[in-house]
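Read through the structure below, which is laid out as structure tokens, and then see the notes.
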């Protein structure tokens with residue numbers, strides 16, 4: 039798995055908007071969306087976009103007066119990276135320890151346990 043750098047919360051929120059937008063997405067459209075949901079001003083959003091370009095998460099192309107952004111990393115790839123990072127940092131890379139942490143306080147409903155059982159069965163059947 040590629041080793042990405044962990045995104046700070048504000049950059050992750052920006053990437054989530056990009057990932058859920060029609061690509062390419064205009065910078066001013068991102069600024070409007072993040073103003074609406076987070077109250078961030080345009081200069082804040084453009085600073086975050088510049089950082090994401092510098093860090094290799096986005097590409098930027100200029101057309102006339104507009105900057106258009108495209109993700110260079112898919113949401114799924116980043117989610118897999120973050121999941122593995124959490125698993126490694128907090129559970130010594132052990133899925134068993136991760137699941138045990140959730141099960142220890144009986145936090146999982148019967149429905150969630152059944153979904154987990156089905157997932158394990160699907161994975162075991164695929165081998």
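In the numbering used here, the protein residues as written are 39 to 165. From the three backbone atoms N, C-alpha and C, an ideal C-beta is built for every residue, glycine too. Here the structure is a predicted model, which means the values were calculated and not measured.
Cα-Cα separation, residue 69 to residue 152: Here residue 69 is taken as the residue at index 31 of the chain shown, counted from 1. Here residue 152 is taken as the residue at index 114 of the chain shown, counted from 1. Taking the straight line from one Cα to the other gives about 42 angstroms.
From which residue to which residue does the alpha helix (DSSP H) around residue 107 run? Taking the first residue of the chain shown as position 1, residue 107 is located at position 69. Counting along the chain, residue 107 sits inside no alpha helix (DSSP H); it lies in the beta strand (DSSP E) bounded by residues 104 to 109.
Buried versus exposed call for residue 105 [16 or more other C-beta atoms within 10 Å across all chains shown]: Taking the chain shown and counting its residues from 1, the one referred to as residue 105 is at position 67. By the neighbour-count definition (other C-beta atoms within 10 Å, threshold 16), residue 105 is a buried residue.
CA-CA distance, residue 58 and residue 73? Looking up residue 58 in the chain shown gives position 20. Looking up residue 73 in the chain shown gives position 35. Between the C-alpha atoms of residue 58 and residue 73 there is a straight-line separation of about 16 angstroms.
If you pair each beta-carbon of the region 71 to 85 with each one of the region 119 to 130, do three or more pairs fall below 8 angstroms? The region 71 to 85 makes no contact with the region 119 to 130; the number of CB pairs closer than 8 angstroms stays below 3.
Best match in 82, 129 and 98 for proximity to residue 51 [C-alpha to C-alpha]: Residue 51 sits at position 13 when you count from the first residue of the chain shown. Taking only the C-alpha atoms, the option nearest residue 51 is 82.
Pull up the distance between the alpha-carbon of residue 154 and that of residue 161, whole angstroms please. As a first step, residue 154 is located in the chain shown; it is residue number 116 there, counting from the start. As a first step, residue 161 is located in the chain shown; it is residue number 123 there, counting from the start. Cα to Cα, the separation comes out at about 11 angstroms.
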